[in-house]
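Peer 1: Numbering-wise (full-length UniProt numbering), the sequence shown opens with residue 1 and increments by one. Please see the structure below; I have some questions.
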Amino acid sequence: MTTGTDTLTRHWIDGAWQEGSGSIAVVNPATGQTIAEVPSGGAAEVDAAVMAARHAFPRWAATPLADRVAMVLAIREGIKARSGEIAASITAEMGSPTKFANSVQVGMPMATSKGVAGLAESFPWTEEIGNSLVVREPVGVVGAVTPWNYPLHQVVAKVAPALVAGCTIVLKPSEVAPLTAGILAEITREAGLPAGVFNVVHGTGPDAGEALASHPGVDMMSFTGSVPAGRRVQEVAAGTVKRVALELGGKSANIVLDDADLTQAVKLGLGNCFINGGQTCTAWTRLLVPQSLHDEVVEMAVAQAAKYTVGDPTDESTRIGPMSSERQRERVEGYITQGVSEGAELAAGGSGRPDGLETGAYVRPTIFSGVRPGMTIAQEEIFGPVLSVMPYADEDEAVEIANATVYGLAGAVFAGSQERGLEVAKRMRTGQVDVNGGQFNPLAPFGGYKQSGTGRELGRYGLEEFLEVKSIQL
Ligand code: NAD
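This is the structure in structure tokens:
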């Protein structure tokens, strides 16, 4: 077995690093330089990994719960011990600024794994209903497919509850940001996770991803990514009627009511929209404001946006790094150009690179005002630092606009009182709503309505996703 960074560029199957054919370049989006290559796995590698996971399943499922929980906590300790290295890996592979990578990219998986470990003991593993004993058992072999925007968090949000549940896993990480998954594989080995319980196969979605989703040896697919890819996973998985959990995109609305604290609403609202360079599924990308406050809010948002330093992600003072790839930069730019051509007013930013950043996948943080619900930038997920300010006439229209996209992942309400905010939050067709800046809760169910997905991650609901339910009549 080899150690060191070269192991990060191989598949991790059955407790060993495996060479693979084909190669996918991993490019640092700040510099345009290739920093590593990963093999491009396909049906053969996926098959080997699924076989390893199937073989490991009975023993892992029979491992006492306390030992499985201890393993998740040991892996968490491993993440903690290597947090600086992990943050640097994430910054290099997808451009997340150092400060954000250290605090959030590494902090979130620490919080969510601790969360699921902490609730395992009190979880209702068995229940009596009349003469039936209802038992919860691991669903089996889990195929996990993850995106590039939170390369460790998205993985741990699946792996930690799956391990606690007693499942074994084959992960196909994003081919854009695959290196952190290699560090996690090393951590699982160091923690003593038995061979085959956690496997990593690198590759593209259409090759490795679909081979996994269609594999008859996989009992459940847990997918996080875009709507088109999620739809494809569901189609491909249908051939073997497996459970499919989808965490997809969003176009979340932040409804600011007429009695809200505007300073707080704009500061937190813009921060949430620009989080991770806007490359966050829950980003509040639509700021809905009363028509009478529209111009004032736009002015405040523009002043706030000026505080977002764009630049080298390794610089501690950078708040927005490059987009994760040149492809993503072009996509964001395309939407900015389209917003202008559809008649939205450009209040800040615009197309083209920020001054002084002629190389690297940088975009200008952008604010559109006067955005109407029918515009493309009000409907489609841009996945970049682009805010659309949308005026509304009254509360009913605000709710109508908020609900008028195919998505329903997150959202926010800012109101003069919590009661009023709560009333509006209840009318939003979306999986998460924060009222007056309510804090992210790693134990609360996370997932989408409508085309934002099926199923829930995190906490008790996230654990339930990896369990089957059996009724035994006595
Ligand atoms: P993507 O859909 O392009 O890729 C995500 C993963 O799916 C990658 O590993 C990719 O290789 C794989 N994939 C692509 N095509 C596939 C196919 N045909 N079969 C199987 N797998 C396939 O998404 P991305 O660009 O990496 O990430 C951004 C998207 O992810 C955004 O839409 C964002 O909203 C979404 N996202 C959602 C959540 C959530 O929890 N709801 C979290 C983060 C990101």
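Ideal Cβ placement from N, Cα and C applies to all residues, glycine included.
Evaluate L133 with the Cβ neighbour count: other Cβ atoms within 10 Å of its Cβ, from every protein chain shown; 16 or more gives buried, anything less gives exposed.
Peer 2: Flag for L133 reads exposed.
Peer 1: Expressed to the nearest angstrom, what Euclidean distance is found between the alpha-carbon atoms of S369 and P97?
Peer 2: Taking the straight line joining both Cα atoms gives about 27 Å.
Peer 1: In whole angstroms, give me the CA-to-CA distance for E465 and E457.
Peer 2: If you take the alpha carbons of E465 and E457, they lie about 7 Å apart.
Peer 1: With three or more C-beta pairs closer than 8 Å as the rule, is the segment 280 to 293 touching the segment 325 to 333?
Peer 2: Cβ pair count under 8 Å is below three, so no.
Peer 1: Near T359, which residues of its chain fall below 7 Å by C-beta distance, leaving aside the five closest residues on each side in sequence?
Peer 2: Within the same chain, T359 has close Cβ partners G32.
Peer 1: So, does the segment 289 to 304 touch the segment 407 to 416, judging by three or more C-beta pairs under 8 Å?
Peer 2: Verdict: no, contact absent.
Peer 1: Can you give the beta carbon distance from A120 to V164, rounded, assuming they're within the 8 Å contact cut?
Peer 2: Indeed, because the Cβ distance is near 5 Å, the residues count as touching under 8 Å.
Peer 1: Within the continuous beta strand (DSSP E) that includes E345, where are the two ends?
Peer 2: Unbroken beta strand (DSSP E) run through E345: E345 to G350.
Peer 1: When you compare the CB positions of E93 and A177, do they come within less than 8 Å of one another, or not?
Peer 2: Yes.
Peer 1: Whole angstroms are fine: how far does the CA of L293 sit from the CA of R243?
Peer 2: Between R243 and L293, the C-alpha separation is close to 46 Å.
Peer 1: Going straight from the alpha carbon of V139 to that of K172, what length do you get?
Peer 2: Between V139 and K172, the C-alpha separation is close to 19 Å.
Peer 1: Reducing DSSP to helix, strand and coil, say where H153 ends up.
Peer 2: Reduced to three states, the DSSP call for H153 is helix.
Peer 1: So, at 6 Å on beta carbons, what are the nonlocal neighbours of F223 in its own chain, with the 5 sequence-adjacent residues on each side left out?
Peer 2: Excluding sequence neighbours, F223 sits near V145, G230, V233 and L246.
Peer 1: Could you tell me which residues DSSP puts in a beta bridge with L467?
Peer 2: According to DSSP, which records beta bridges pairwise, L467 is partnered with P138.
Peer 1: Within 7 Å: the Cβ of residue 525 and any heavy atom of ligand 1?
Peer 2: Absent from the model: residue 525. The displayed extent of the chain is 1 to 474, so no value can be given.
Peer 1: From the DSSP output, in three-state form, read off R456 for me.
Peer 2: The answer is coil: DSSP assigns R456 none of H, G, I, E or B.
Peer 1: Could you compute how far the alpha carbon of G166 sits from the alpha carbon of A88?
Peer 2: Approximately 31 Å between the Cα atoms of the pair.
Peer 1: Consult DSSP for N131 and reduce its assignment to one of helix, strand or coil.
Peer 2: In this structure, N131 counts as coil in the three-state DSSP scheme.
Peer 1: Looking at the structure shown, is P228 part of a helix, part of a strand, or coil, going by DSSP?
Peer 2: Reduced to three states, the DSSP call for P228 is helix.
Peer 1: Using only the alpha-carbon positions, how far apart do S122 and L65 sit?
Peer 2: Roughly 11 Å separates the two Cα atoms.
Peer 1: Give me, in chain order, the residues of the same chain whose beta-carbon lies closer than 8 Å to that of V371; leave out the 5 immediate sequence neighbours on both sides.
Peer 2: If we look at V371 and ignore the five residues flanking it on each side, its Cβ neighbours are R286, G339, A344, I377, A378, S388, V389 and M390.
Peer 1: Looking at the unbroken beta strand (DSSP E) that takes in N28, where does it start and where does it end?
Peer 2: Counting along the chain, N28 falls outside any beta strand (DSSP E), and DSSP gives it neither H nor E.
Peer 1: If contact is defined by three or more beta carbon pairs under 8 Å, each pair taking one atom from either stretch, is the segment 177 to 188 in contact with the segment 210 to 219?
Peer 2: With a cut-off of 8 Å, the segment 177 to 188 and the segment 210 to 219 do not count as touching, because too few Cβ pairs lie within range.
Peer 1: Relative to the alpha-carbon of E45, which residue among N28, G20 and A25 has its alpha-carbon at the smallest distance?
Peer 2: For E45, the nearest C-alpha among the options comes from G20.
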